[in-house]
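Single-structure report; data block below.
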Amino acid sequence: MHKSFLQTGAVLAALSVALGAFAAHGLKKIAQEHTLTIFETGVRYQFYHVIALILTGILYAQYPNKKMYLAGILFLAGIFLFSGSLYALTFLQVKNMEGFTAIGAITPLGGLCFMAGWLMLALGLHTKGKTGR
61 MHKSFLQTGA VLAALSVALG AFAAHGLKKI AQEHTLTIFE TGVRYQFYHV
111 IALILTGILY AQYPNKKMYL AGILFLAGIF LFSGSLYALT FLQVKNMEGF
161 TAIGAITPLG GLCFMAGWLM LALGLHTKGK TGR
């Protein structure tokens with residue numbers, strides 16, 4: 061499983077760079093400053109947690125246990141929920157689509173996944189064993 065975390069992390073890192081470039085060069089021309097800030101927050105947290113995912117993949121080789129595996133899954137879920145919801149909000153704001161602001165309620169769930177991922181990573185470092193995967 062650690063190889064999957066490493067591969068997924070590498071792809072998501074490339075996506076982070078592409079999204080950051082899009083924000084700096086394309087989105088800046090069509091979005092208000094507040095909307096651009098929302099998007100940039102999504103990119104920043106995606107990149108932070110891509111690094112966490114890669115770290116988890118590296119550490120998983122040394123500490124192959126369910127908590128370490130769960131840390132990686134939680135980082136992936138956090139990226140999808142936190143950053144993904146911010147990207148969706150940006151799109152909706154740029155397209156002037158009203159009535160979809162409830163999507164912002166998903167963002168804190170992603171933040172909770174990030175926090176839980178960091179805690180599972182810490183706990184996984186104390187447990188050595190097999191995950192059955």
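Here our numbering runs 60 ahead of the position in the sequence shown, where the first position is 1.
For each residue, glycine too, the CB sits at the ideal point set by N, CA and C.
In the three-state DSSP reduction, Thr150 falls in the helix class (H, G or I). The continuous alpha helix (DSSP H) containing Pro168 extends over residues 167-184.
Of the other Cβ atoms in all chains shown, 16 or more fall within 10 Å of the Cβ of Pro124; this residue is therefore buried. Only residues of its own chain outside the window of five on either side were considered, and among them none has a CB closer than 7 Å to the CB of His186. The beta carbon of Phe140 sits closer than 6 Å to no other beta carbon from its chain once the five residues preceding and following it are set aside. When C-beta atoms of the segment 147-158 are compared with those of the segment 108-120, fewer than three pairs fall below 8 Å, so the two segments do not count as touching.
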